[in-house]
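Notes follow the structure.
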Amino acid sequence: MKLAPSLLSCDFTQMGEELGRLADADCPADWAHVDVMDGLFVPNISFGLPILAAARRASPLFMDVHLMIERPERYLRDFAEAGADGLTVHVESTQHIHRAVGMIRELGKRAGVTLNPGTPLEAVRPVLGDVDLVLVMSVNPGFGGQKFIPQSVERVRTLRHWLDELGSEAELEVDGGVTPANARLLADAGATVLVAGSSVFGPDGPHAGLRRLREALA
Ligand code: DX5
Ligand code: ZN
Numbered sequence: 004m005k006l007a008p009s010l011l012s013c014d015f016t017q018m019g020e021e022l023g024r025l026a027d028a029d030c031p032a033d034w035a036h037v038d039v040m041d042g043l044f045v046p047n048i049s050f051g052l053p054i055l056a057a058a059r060r061a062s063p064l065f066m067d068v069h070l071m072i073e074r075p076e077r078y079l080r081d082f083a084e085a086g087a088d089g090l091t092v093h094v095e096s097t098q099h100i101h102r103a104v105g106m107i108r109e110l111g112k113r114a115g116v117t118l119n120p121g122t123p124l125e126a127v128r129p130v131l132g133d134v135d136l137v138l139v140m141s142v143n144p145g146f147g148g149q150k151f152i153p154q155s156v157e158r159v160r161t162l163r164h165w166l167d168e169l170g171s172e173a174e175l176e177v178d179g180g181v182t183p184a185n186a187r188l189l190a191d192a193g194a195t196v197l198v199a200g201s202s203v204f205g206p207d208g209p210h211a212g213l214r215r216l217r218e219a220l221a
């Protein structure tokens with residue numbers, strides 16, 4: 004299981020140090036999850052290209068960039084150039100999801116597709132053979148620290164089944180409200196990457212948060 008702490012919950016005054024802590028922990032993070040929000044697709048604005056570029060300079064971690072922006076195809080090249088390793092786009096944010104995932108692959112990056120908790124899974128089915136990652140949102144995107152939506156477990160199970168049927172090696176990632184209490188359940192349902200913001204960057208720091216998640220998965 005890969006763990007991808009969400010930088011949205013880190014201390015932005017110390018982002019370089021926080022990234023260092025993720026990589027050095029006795030059970031280090033696998034990826035850094037970067038949540039980009041435009042205030043249109045989701046009701047919040049987080050950060051964009053210069054922050055990704057700074058994170059890139061500060062860390063060798065795989066930058067897993069989650070674009071919560073309208074018409075992401077306008078910015079895919081910019082995010083790739085700013086240091087994204089993987090780019091994930093929402094089916095609800097573009098009229099042309101095939102084109103968007105194709106563009107990501109042409110840029111040489113890992114192409115991800117995702118969908119909001121209220122969107123039927125069928126919406127991503129046509130592109131499952133064309134992506135390197137499928138992300139199941141287990142909260143309505145926009146904010147860290149929200150409560151996990153329990154129906155997400157069944158959605159992970161269904162997507163696991165569909166990906167296996169296709170013989171796809173794509174990662175199956177879950178994002179939102181992931182804690183030591185549900186991590187095992189998500190692993191058993193077939194997830195391969197867990198994003199965690201508030202449960203990693205808690206008051207006792209990312210080492211302790213990562214260790215608690217690893218213990219729950221052991
Ligand atoms: C939600 C973001 C998530 C969020 C996760 O819109 O996409 O990545 O930061 O934070 P937690 O783990 O606190 O739910
Ligand atoms: Zn995210």
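The working numbering numbers the first residue of the sequence shown as 4 and each following residue consecutively.
For glycine and all other residues, C-beta sits at the position ideal for the given N, C-alpha and C.
Drop a sphere of 10 angstroms on the beta-carbon of residue i, count the other beta-carbons inside from all chains shown, and report buried for 16 or more, exposed for fewer.
i	result
R60	exposed
D38	buried
Taking the C-alpha atoms as reference points, what is the distance between residue i and residue j?
i	j	result
R160	G193	6 Å
G200	G170	31 Å
A142	G105	It is worth fixing the name first, because residue 142 is Val in this sequence and not Ala. Their backbone Cα atoms lie some 27 Å apart in a straight line.
H101	L213	35 Å
W34	M140	17 Å
K150	D167	29 Å
I72	P144	11 Å
G148	V134	28 Å
E109	H210	36 Å
A219	S202	12 Å
G51	L175	24 Å
R187	V45	29 Å
P123	T91	18 Å
V196	P206	23 Å
Q17	I107	30 Å
Q154	L136	20 Å
Cβ-heavy atom distance between residue i and ligand 1 below 7 Å?
i	result
V68	no
Q17	no
L43	no
Q149	yes
V130	no
F146	yes
S96	no
V177	no
A219	no
Is any heavy atom in ligand 2 found nearer than 7 Å to the beta carbon of residue i?
i	result
D203	Just to set this straight, residue 203 is Val in the shown sequence, not Asp. No, since every heavy atom of ligand 2 falls outside the 7 Å radius drawn around the Cβ of V203.
S9	yes
V196	no
H210	no
D38	yes
Which residues does DSSP pair with residue i in a beta bridge?
i	result
I48	D41
R113	G89
D67	H36 and G89
M140	D178
P8	A199
L118	V139
Q. What alpha helix (DSSP H) runs, 4 residues minimum, are completely inside the segment 158–219?
A. 186–192
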